[in-house]
Structure formats: structure tokens, C-alpha cells
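Asks: Residue numbers (this note's numbering): 8 to 643. From the three backbone atoms N, C-alpha and C, an ideal C-beta is built for every residue, glycine too. Handing you a structure now.
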Amino acid sequence: MATSRTMSGEYQQAYERSMTDPDGFWREAAALIDWEREPETIMDSSALPFSRWFGGGELNTCHNALDRHVDAGRGDQPALIHDSPVTESVTTFTYTELRDLVARFAGVLRSVGVGKGDRVVIYMPMVPEAVIAMLACARLGAVHSVVFGGFAARELAVRIDDARPSAIVSASCGIEGKRVIEYKPLLDKAIDLAEHDPGRSIVLQRPQFQGEMTDRDVDWAEAMSTAEPTECVPVAATDPLYVLYTSGTTGKPKGVQRDNGGHAVALRWSMEAIYDIHPGETFFCASDVGWVVGHSYIVYAPLLTGATTVLYEGKPIGTPDAGQFWRVIAQHGVKALFTAPTAFRGIKKEDPDAALLAEYDLSGFETLFLAGERLDPETYHWATEKLGVPVIDHWWQTETGWAIAANPRGLEPLEIKPGSPSVPVPGYQVEILDVDGSPLPAGEEGAIVIKLPLPPACLQTLWDDDERFRESYMSRYEGYYLTGDGGYIDADGYVFVMGRTDDVINVAGHRLSTGSMEEVLAGHPDVAECAVIGVNDQMKGQVPRGFVVLKAGVTRGEDEIGPELVALVRSEVGAVASFKNVAVVPALPKTRSGKVLRKTMRQIADGEDAMVPSTIDDASVLDTLRPVLEKGPAGG
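Dropping the structure here:
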């Protein structure tokens, strides 16, 4: 990897050591974790593509997240702050309080028959009990599988049948904005649909909706009132900690399986090296525990570090306004915020001048981290200008569990290049390959891959499906993990992720990135967010179509703005892009984690049977857009 003079210091030394002496590098990182039994080997690559980290070692992840901090005298420090604008409440739990609640709930799980190696499905909103349930599973050595709260009953049933849990932990309802989503009826229907009998359901009754209980159900509060606290159960480092489902191309979800040892070591190391968060400092990750970001950086990494983590039950806008992130940062002394670019595009649309910022003291706020989708330069520049702190793009996936490429703020803050998540994180050997598997030179776009073995905390396999693991990730290029993203590495070693490889379109023989066109559209002063898809064309193979959402207060319409956008793309990308059609739409269809459903949009536009993922946030947005997609471009 070519590097610039800015990378001659601590980052470069760490990266090179992780490549040339991975055993020594990760053995040192493992010293930050308490072990019941020290690992005998650091990495066993004899079974590649399956990686086994810290073989022979035994530990307990819950002990490392809670008990050891209490034992070290940090019991009175806040561990978890639940900030819920939807219920107008803030609740703080110290490390001692959280440990005691987790130990008792582990006792509840044990009382309904959950033991080491059993699976537990957790179907919860953003409440403290969701975190308690996850950590209680880890305490027992059980394997949790968190399903995003409010998922459709059929999707929940599919996950029940795949994970085959011994118990389910749920809540009676969740709250999204001003809507109460009734979970208990969805859970009951899912259990009826599932072939597997999940055993007992432990239900947290919330005042906003009381679910109807059955003989199968256990009331959370009642069970906790008589529960016996349970100690931590040591597990092998290679034993699974959790299974988290991500959408699969076949419609069958893929259960990403994460281990205990590698996960604890890598996340603990990343908290200081990447996010510059140390014990006692406060981190705010505005995601959801149903997503990998919530697993890694709401729950596990901050608590493994001994930091204070904020669990936020609300939206970036509308609960009640676009200033809620600023309020949380000011009220709780947040040092760094981690969220998705779509959250900031929403804030920018509602409050383009960031007028609400003036109401809050953000003097202790140091860094904004964004990930989950490509960070367009327009959003980067807006956030940088308004907040006056470094805005750090970084790139990772459900499968990796932590950053593949990032700007390591705790090791050595590097130059920020808008449009790039910066450089490969130590442990990841990132390369760019062409269709034949040959390495591409700096600046040339191709498939982004990671040379095996993958570093700690990446997926071990897919739950109960080793063959699909091989086929999905390891079969395209032998010896490499296929990320599914396309991009390039520049002469300075910076990674540029241009989008999923199926978002690279072929226009009359020219391979063009839709991400490049989106960058141009997003730079227009009236555009809040946008998407570009490639649709089939009889003459050119594919042609791009653009869809833009305008900023609040813009009164000009498609007839006036459309030609300006077409001219911009023609000027910046070139006539070869054949970009002629753009539609102004009220909103873009997205998953709940903020990713635009470009593939679904493209399938509708091409007249195919569209695969609408279960993770869609608001299906009505897609319904509104469907006629625009189906009728084709204006005048077409």
C-alpha cells in the first residue's frame, strides 16, 4: 500500500506491525482483556477461509464489559445513559447498577432453561432492558440474536426458525416518533408462523401499550423481582457470542456469527485507536441495537473500555426537532458522536443553517464519526462547517463488525480527504482487484477485497451454513474476502468506496460509478439527498436515472432544477455518462439503518420482480415512488 508522508508515524508503524507480526500485534491488544485462561495460539489459519482467533483462551464478555470495572473501583461511574425524548425521560445506570441488573436477568434466563450455547432471540426497542438482555446472554455463555424491534412477523419467524432459540425476550411495544408500534401481537403471530418452538417469552410491559399475555409468557418485572443473580460463565474464545442477520440476495437472511475472544479484543482496541475514547469518557452512538453498529458501539466497545455509553430512543429530527443530537451531546458531556450520514442529511434538510446549534454548549465535543453508507462531500462540508470539529468518515460492514478503513484518531489523526474513509485499519490488508483477480494500480477502480485471514471480530462463518459463507464471501477471489463494494486506493493509500459493485453501471461500454454522479447532484445548493440508479436501455445497455429530494424551503420545481442537475453531471462526469433524466421526489426509500434501496428501485424501473427487503423503514415511500420508476424518464 502506497503511503504519504502524513503516514510515517504511529499509524503506519501499527499498520505495518499488524501485517508483518500479526501474532505479536494482537497478543498485545489481548492484554487489555481479562482472560480466565490465556490463549494458546493467537491466530490459527490452518482452516482458512475460517479464521480462529485466540484458540485455547477462555473468557466471559459480560465480565469484561461490567464486572471487571466494578472490581477495579469504577462501580460508581455511569455506564449507560438512556435518553428517551419519546418518553421524555433520562435514566443513568452506574457500572454496579448495570452489573446487578444483568446478573439478575441472567438468573431469569437460567430459570426458563437458557444455558451455555443456547440461542436467545431479542426483539426490543431502544430501552435499557435490550442492553441488559444482550449482556445477560453473554454472562451465561448463551448466544443472542437481536432482531430489529417492529420487524414484520414473517421476518421474525424466519429468524426464529434459523436460530432455533430456547427463549425470546421482547417488549410490549416500541415508540417511533409519535407512533406506538405494538410488538407483542407481532411476536405472537411470528411464533404461530414459525416451525420451531422458541419456548418461553419474557415480555417487558411498557405503559404505552400492554400486551396480552399467554401461558408461554413471563412478565419481565415479576421475574426480576424474585430472580437469583448469576455469575459469569467462562466460554472458549472461539465460541459464538451472537448471531446477527443481514439481508441475503436470495431473500433468506444471512446469520453473521461473531466469536467472543476476537470480538472483545478488536472492539476494545478500536475504541481508543479509532475513536479516541478512553475509560470514563462519554460516547454517543446514534444507531439501534438491532444493527451491527448498535451491537459494537452502543453496547460492547464502550463498556469493554470502561466508558459511558448513550442509548438514545428517538430520531435525529421530529422528536421533537432537529436539535436533539446537540441536546444529547451538551447534556451528557459527549466527546464523540457516531451516526449515519442520512441522519445528518435529515438534520440539514430540516435546519439548513443549523440555527438550533446556538442553543447548546458543545465545547466538550471533539469528533463526529459517520458510517453506514457513503458520505457525500456536501454533507461532509456542511457538518464540518457547522460543528467546527473533525468529521470522520469510516467504512465497515455487518460482516466485519468494526471498521475496515478509518482515520485512526487515537493513533495518529491523518489528513481528511472528503469522499474517502481514509486508510485501512491495522489488521485489514485491503486490495483492489479487476474481474480476473489481478491487482489494480493506484487510482483504478475495481472490486475492494481483504486478503485472508480476516482480523479479529470479523465473522467466523454464517450461522449453521458454512457453505453459504464460502460461496457468498470467499469464492470469487481465492484467498480474499469479497466486500461487495467497488472503489479504488489513491497514491497516498487512501481508500475510496464508490458503492456496491452492482451500483457500477455500464453505459455503452463505459463502466461508471453512480456514486460519482451522486456526488455531483448532492453538491447542488437545493438538493438535500439523492440517488442514482442504472436502468436497462436498448441502445446503451444501461443509462443513469437520478432522484433528488430538495431542501426544506426550496420552492423551485423539477422543471427548473432538473436541467441544472443534468448540466452539472454532464460538466463534472462528462457526456459519456449519458445522464439526461432526474426526478424530484418527496423522499427516498431506505432501510431502517439509512441505506437507500437502490437495488429495489432499479428492479422496479427495469420491470423486474422487486425484492423489497424486510429492513425497509417506510414502505409508503416506495409506494409513492413506484409510479415514477415504472413510467420511466420524463418524455421516455
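What's the call for Pro634, buried or exposed, on a 16-neighbour Cβ count within 10 Å?
Replies: Under this definition Pro634 is an exposed residue.
Asks: As an exercise, report each continuous alpha helix (DSSP H) stretch of at least 4 residues that is fully enclosed by the region 109-180, in chain order.
Replies: Runs of the alpha helix (DSSP H) inside the region 109-180: 135-147, 160-170.
Asks: Pair every Cβ in the region 355-372 with every Cβ in the region 262-278, then say whether three or more of these pairs are closer than 8 Å.
Replies: Cβ pair count under 8 Å is below three, so no.
Asks: Classify Asp492 as buried or exposed, calling it buried when 16 or more other Cβ atoms lie within 10 Å of its own Cβ.
Replies: Buried is the call here.
Asks: Starting from Phe376, follow its DSSP beta bridges and name the residues at the other end.
Replies: Paired residue(s): Phe345, Ile399.
Asks: What three-state label does DSSP hand Gly548 in the structure shown?
Replies: DSSP places Gly548 in strand when its eight states are reduced to three.
Asks: In this structure, how does DSSP classify Gly643 when only helix, strand and coil are distinguished?
Replies: With a pLDDT of 37 at Gly643, under the threshold of 50, the predicted position of this residue should be treated as unreliable, and no value is reported.
Asks: Please state whether the Cβ-Cβ distance between Ala293 and Ala337 is less than 8 Å.
Replies: It is not a contact, given that the beta carbons lie outside the stated cut-off.
Asks: Could you give the DSSP three-state label for His531: helix, strand or coil?
Replies: Correct three-state label for His531: coil.
Asks: Thinking C-beta only, is Pro348 closer than 8 Å to Asp295?
Replies: Result no, Cβ atoms of Asp295 and Pro348 do not sit closer than 8 Å.
Asks: Is it buried or exposed for Glu385, if we count other Cβ within 10 angstroms and need 16 for buried?
Replies: By the neighbour-count rule (16 or more Cβ atoms within 10 Å), Glu385 is buried.
Asks: Roughly how many angstroms lie between the CA atoms of Gly122 and Asp443, to the nearest whole one?
Replies: Approximately 48 Å between the Cα atoms of the pair.
Asks: Taking the alpha helix (DSSP H) that Val97 falls in, what are its first and last residues?
Replies: First-last for Val97: 96-101, but that is the beta strand (DSSP E), not the alpha helix (DSSP H).
Asks: Looking at the unbroken beta strand (DSSP E) that takes in Asp226, where does it start and where does it end?
Replies: Taken as a continuous stretch (DSSP letters only), the beta strand (DSSP E) holding Asp226 covers 224-226.
Asks: Less than 7 Å between C-beta atoms, sequence neighbours within five positions excluded: which residues of the same chain meet that for Trp403?
Replies: Contacts found: Ala378, Trp409, Ala410, Ile411.
Asks: Closest to Arg483 by CA distance: which of Trp42, Thr508, Leu200, Ala145 is it?
Replies: Looking at the Cα atoms, Thr508 is the closest of the given residues.
Asks: Opposite Met50 in the DSSP bridges: which residues?
Replies: The partner list for Met50 (beta bridge, DSSP) reads Trp60.
Asks: Should Asp125 go down as buried or exposed, given a rule of 16 or more other Cβ atoms within 10 Å for buried?
Replies: Looking at its Cβ environment, which holds 16 or more other Cβ atoms inside 10 Å, Asp125 is buried.
Asks: Within the chosen definition, does the region 202-219 reach the region 418-435 through at least 3 CB pairs nearer than 8 Å?
Replies: Not touching, per the Cβ criterion.
Asks: Would the region 57-65 and the region 467-482 be scored as touching if the rule is three or more Cβ pairs under 8 Å?
Replies: Touching, yes, given that three or more Cβ pairs across the two stretches are closer than 8 Å.
Asks: Quick one, are the C-beta atoms of Ser179 and Phe216 less than 8 Å apart?
Replies: In contact: Ser179 and Phe216 (Cβ atoms closer than 8 Å).
Asks: Answer with buried or exposed for Val583, where buried requires no fewer than 16 other C-beta atoms within 10 angstroms of its C-beta.
Replies: With fewer than 16 other Cβ atoms within 10 Å, it is exposed.
Asks: Give every residue of the same chain whose Cβ lies closer than 8 Å to the Cβ of Pro446, excluding the five residues on either side of it in the sequence, and list them in chain order.
Replies: Answer for Pro446: Glu438, Ile439, Leu440, listed in chain order.
Asks: Taking Phe503 as part of the beta strand (DSSP E), name the residues at either end of that continuous run.
Replies: Where Phe503 is concerned, the enclosing beta strand (DSSP E) stretches over 502-507.
Asks: How long is the line joining the alpha carbons of Arg577 and Glu485, rounded to whole angstroms?
Replies: Distance between the alpha carbons of Arg577 and Glu485 is about 39 Å.
Asks: Within 10 angstroms of the Cβ of Asp30, are there 16 or more other Cβ atoms? Answer buried if so, exposed if not.
Replies: By the 10 Å Cβ count, Asp30 comes out exposed.
Asks: Can you list, in chain order, the residues of its chain with a C-beta nearer than 7 Å to that of Arg213? Leave out the 5 residues immediately preceding and following it.
Replies: Only Ala178, Ser179, Cys180 meet the Cβ criterion.
Asks: For the region 240-247 against the region 18-36, are there 3 or more C-beta pairs whose distance is under 8 Å?
Replies: The region 240-247, when compared against the region 18-36, does not touch it at the 8 Å Cβ threshold.
Asks: Quick check: what's the CA-CA separation for Thr326 versus Met50?
Replies: Those two C-alpha atoms are separated by around 46 Å.
Asks: What is the DSSP secondary structure of Cys465, reduced to helix, strand or coil?
Replies: Looking at Cys465 - three-state DSSP - the assignment turns out to be coil, as it is neither helix nor strand.
Asks: Have a look at Ala498 and Ala449 and give me their C-alpha separation to the nearest angstrom.
Replies: Cα to Cα, Ala498 sits roughly 5 Å from Ala449.
Asks: Leaving out five residues on either side along the sequence, give the residues of the same chain with a beta carbon under 8 Å from the beta carbon of Arg599.
Replies: Phe155, Asp295, Gly297, Trp298, Thr622, Ile623, Asp624.
Asks: Do three or more CB pairs link the region 305-316 to the region 277-287 at distances below 8 Å?
Replies: With a cut-off of 8 Å, the region 277-287 and the region 305-316 count as touching, because enough Cβ pairs lie within range.
Asks: Taking buried to mean at least 16 other C-beta atoms within 10 Å of its own C-beta, is Ser53 buried or exposed?
Replies: That one is exposed.
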